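Written out below as structure tokens is the structure these notes cover.
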């Protein structure tokens with residue numbers, strides 16, 4: 220039975236400094252607030268739908284539902300007043316972030332709520348009013364909620380890595396040098412090659428990299444074709460990356476040959492692995508790779524860079540000869 224004929228929260232809409240990370244008591248026993256599984260669907264259908272997004276995405280969606288339930292409870296609303304959520308309630312929820320979060324962050328929360336509604340078979344009651352609310356939140360977001368633009372990895376920074384690691388006899392340096400060139404020239408996500416634990420279904424082996432014929436008779440090295448078992452967009456289908464031939468400090472093909480030979484890697488070994496000083500094979504992680512890079516750049520006065528900087532640094536190289 221509905222508890223109120225009005226769908227607008229009646230309490231003052233002051234955003235709490237910190238919300239609980241668990242469902243309020245009145246929402247705990249409501250199955251729809253505890254799952255994204257539509258009870259009217261078979262297990263096969265539910266499994267198919269669940270596989271449409273990554274587990275991490277589903278976890279974020281469930282957290283957004285929990286946050287919405289906590290907010291509704293704070294506003295004195297009951298479960299049957301917020302599912303399906305009237306547009307007025309959605310507007311109030313979005314407006315509760317006014318001046319606190321960036322517009323994109325709030326839109327992501329509403330997108331998760333929309334998925335929740337759709338998965339459970341409820342209509343998503345959105346129209347122009349909610350659109351205007353989200354636009355207003357975006358226009359009035361605090362400057363602190365916006366990350367500064369991440370600077371790209373530059374030609375000079377790549378030269379610094381090459382100068383240091385090309386003369387080193389350490390296996391991890393040879394591995395990192397080849398990886399830095401993959402990242403930049405192939406515009407690859409670091410997570411597509413690096414991991415905390417190597418997973419053969421997600422990360423490439425040595426045999427997944429093939430050197431193609433040189434572009435000209437006078438070229439010593441050809442471009443690389445790399446199979447990625449799992450990518451951000453293709454997930455388990457995998458995808459191929461093409462790494463062009465460059466000369467000098469950006470020669471990824473030459474760096475790969477040196478890396479594989481120096482670390483005595485076999486075709487079935489992880490591509491991003493190396494031999495330590497005792498000859499033991501170790502898989503290089505993303506954090507270890509970035510630490511190696513930043514340790515060099517720090518000495519030259521550069522700030523700390525993230526993995527995204529390799530991705531954003533690639534386009535300038537494609538617009539000119541390197």
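Numbering (this note's numbering), first residue to last: 220 to 541.
By construction, the Cβ of each residue, glycine as well, lies at the ideal position given by its N, Cα and C atoms.
Predicted model, so just to flag it, every value in this text is computed and none were measured.
Sheet register partners of residue i (DSSP bridge)
i	result
residue 493	501
residue 428	445
residue 462	443
Contact set for residue i: own chain, Cβ-Cβ below 7 Å, skip 5 residues either direction
i	result
residue 223	For residue 223, the predicted model reports a pLDDT of 45, less than 50, meaning its position is unreliable; a value from the coordinates is still stated below. 300.
residue 460	405, 407, 445, 447
residue 417	489, 502
residue 400	469, 471, 474
residue 229	The pLDDT assigned to residue 229 is 48, lower than 50, so where the model puts this residue is not dependable; a value taken from the coordinates is nonetheless given after this. Only 295 meet the Cβ criterion.
residue 378	468
residue 523	513
residue 264	none
residue 458	447, 450
residue 463	404, 442
residue 194	Residue 194 falls outside the range modelled here, since the chain spans only 220 to 541, and no answer is possible.
residue 255	277, 280, 281, 335, 338
residue 259	340
residue 521	376
Neighbourhood of residue i by C-beta, 8 Å cutoff - its chain only, sequence neighbours within 5 removed
i	result
residue 356	313, 314, 316, 317, 320, 322, 325
residue 292	243, 245, 246
residue 386	none
residue 487	424, 425, 426
residue 342	303, 336
residue 393	384, 387, 474, 477, 478, 481, 482, 493
residue 518	none
residue 431	441, 442, 443, 444
residue 346	306
residue 285	240, 241, 242, 252
Residue burial classification, residue i (beta-carbon count within 10 angstroms, cutoff 16)
i	result
residue 311	buried
residue 336	buried
residue 330	exposed
residue 423	buried
residue 427	buried
residue 442	buried
residue 375	exposed
residue 478	buried
residue 250	exposed
residue 359	exposed
residue 282	exposed
residue 276	exposed
Beta-carbon proximity list for residue i, same chain, < 6 Å, skipping 5 on both sides
i	result
residue 495	501
residue 391	493
residue 309	349
residue 511	395
residue 383	515
residue 421	448, 449
residue 429	444
residue 433	441
residue 210	A query on residue 210 cannot be resolved here, the shown segment of the chain reaching from 220 to 541 and no further.
Beta-carbon separation (whole angstroms), residue i vs residue j, contact threshold 8 Å
i	j	result
residue 369	residue 527	5 Å
residue 403	residue 252	Not really, about 45 Å apart at Cβ, beyond 8 Å.
residue 340	residue 257	5 Å
Within-8 Å CB hit, residue i to chain B
i	result
residue 418	The chain inventory of the structure shown lacks chain B, comprising one protein chain alone.
Near the ligand PLP: residue i beta-carbon under 7 Å from a heavy atom
i	result
residue 405	In the structure on display, the ligand PLP does not appear, and there are no ligands present to speak of.
The region 434-444 / the region 500-516 touching (three or more Cβ pairs under 8 Å): no
Three-pair Cβ contact test at 8 Å for the region 503-513 versus the region 474-487: no
Three CB pairs or more closer than 8 Å across the region 268-287 and the region 344-353: no
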